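J.: Residue numbers (numbering that gives the first Met the number 0): 0 to 249. There's a structure below that I have some questions on.
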Amino acid sequence: MAALASGGIGRAWQQPDGVVQLRAPDEAGVAELRFVLALDDDHSEFLERFRDDPLLGRALPQLRGVRPVRLATVTHSLLRAVCGQLIQAKLARAIERRVIHAATPVLDGTRLNTPPTPASFARFAPAELRRLGLGARRGATLVRLCRSVNLERLRSLPTAAAADRLERERGLGPWSVGVVCLEGLGRFERGVTGDLGLVKLCSALRGRRVEAWETAELLEPYGEWAGLASVYLLSAHRLGLVPIPQRAAA
Numbered sequence: 000m001a002a003l004a005s006g007g008i009g010r011a012w013q014q015p016d017g018v019v020q021l022r023a024p025d026e027a028g029v030a031e032l033r034f035v036l037a038l039d040d041d042h043s044e045f046l047e048r049f050r051d052d053p054l055l056g057r058a059l060p061q062l063r064g065v066r067p068v069r070l071a072t073v074t075h076s077l078l079r080a081v082c083g084q085l086i087q088a089k090l091a092r093a094i095e096r097r098v099i100h101a102a103t104p105v106l107d108g109t110r111l112n113t114p115p116t117p118a119s120f121a122r123f124a125p126a127e128l129r130r131l132g133l134g135a136r137r138g139a140t141l142v143r144l145c146r147s148v149n150l151e152r153l154r155s156l157p158t159a160a161a162a163d164r165l166e167r168e169r170g171l172g173p174w175s176v177g178v179v180c181l182e183g184l185g186r187f188e189r190g191v192t193g194d195l196g197l198v199k200l201c202s203a204l205r206g207r208r209v210e211a212w213e214t215a216e217l218l219e220p221y222g223e224w225a226g227l228a229s230v231y232l233l234s235a236h237r238l239g240l241v242p243i244p245q246r247a248a249a
């Protein structure tokens, strides 16, 4: 069950035969659920192309159904990106929840907050967000972009154009742009370069501590699938399915 940006509540469940059922107030709500759950995105080309990949080949049979769940608004993905910069994921999600609760109303009869829009955060001063746990610079980045950029319109742009627009902004780097592209725009082309999990994986593979920028080299072979590859590599590494050379493991 989820609050919809288009209004009301959406529900989704999977039947024993694998069919996903959706329920929403209107067609716009159904389309939103399909987007959030990535139901219309066929990634069979990714699975086929990289079935013999030295890093993912072993993991793909077990992870073949994995897809990144998206957020209802681009604005929410920007919040997630700025909350997640340079801190642990658990703390980042706690800050994200506090900001959402402070900025958006709860739907009647539920505990669900409505998805945030640029107006949700544009009315805040960075100091107010700081009291909720969001650092001053990150809060300033969020407020500035919500006031100056038509964030939701980014979904209508090609991925490269949307990413270029975001990368021109102070306070957003490759990792943050990758998060917005994956979870806000629903695009698979941009990886989460610099993700701490990818840094750990890359370090294990190379047998030394690597810099964040080196994770771009890890994702380069996956081309237009770099974003989805990021998700699969992170999942595979957590499950111990990425083969680590003995010299590196030692």
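Glycine included, each C-beta is placed from N, C-alpha and C at the ideal position. None of the values given here were measured: they were computed from a predicted structure.
Helix, strand or coil: which one does DSSP assign to A4?
T.: Correct three-state label for A4: coil.
J.: Are three or more beta carbon pairs between the segment 69 to 78 and the segment 178 to 192 nearer than 8 Å?
T.: Counting Cβ pairs under 8 Å, three or more are found: they touch.
J.: Pairing CB atoms from the segment 145 to 153 with CB atoms from the segment 105 to 120, are three or more of them under 8 Å?
T.: Touching, per the Cβ criterion.
J.: As an exercise, report each continuous alpha helix (DSSP H) stretch of at least 4 residues that is fully enclosed by the segment 23 to 69, in chain order.
T.: DSSP runs (the alpha helix (DSSP H)) wholly in the segment 23 to 69: 26 to 35, 43 to 48 and 59 to 62.
J.: Leaving out five residues before and five after A249 in sequence, what residues of the same chain have Cβ atoms less than 7 Å from its Cβ?
T.: Confidence at A249 is low in this model, with a pLDDT of 48, below 50, so its placement is unreliable and no value can be given for it.
J.: Taking Cβ to Cβ, would you say L46 is nearer than 7 Å to R66?
T.: No. Outside cutoff.
J.: Where do the ends of the alpha helix (DSSP H) carrying Y221 lie?
T.: Per DSSP, Y221 belongs to no alpha helix (DSSP H) and is neither H nor E.
J.: Locate the alpha helix (DSSP H) running through S234, then write down its first and last residues.
T.: First-last of the alpha helix (DSSP H) with S234: A225 to R237.
J.: Please report how far the alpha carbon of T113 lies from the alpha carbon of Q245, in whole angstroms.
T.: Those two C-alpha atoms are separated by around 49 Å.
J.: The ligand SAM and V178: does the residue's C-beta get closer than 6 Å to at least one heavy atom of that ligand?
T.: The model depicted lacks the ligand SAM and carries no ligand whatsoever.
J.: What is the DSSP secondary structure of A247, reduced to helix, strand or coil?
T.: Here A247 scores only 48 on pLDDT, less than 50, and its place in the model is too uncertain to base an answer on.
J.: Pull up the CB-CB distance for G9 and L32, whole angstroms please, since I reckon it's below 8 Å.
T.: That pair is a contact at about 5 Å.
J.: For V198 and V209, which I take to be in contact (beta-carbon distance under 8 Å), what is that distance rounded to the nearest angstrom?
T.: Indeed, because the Cβ distance is near 6 Å, the residues count as touching under 8 Å.
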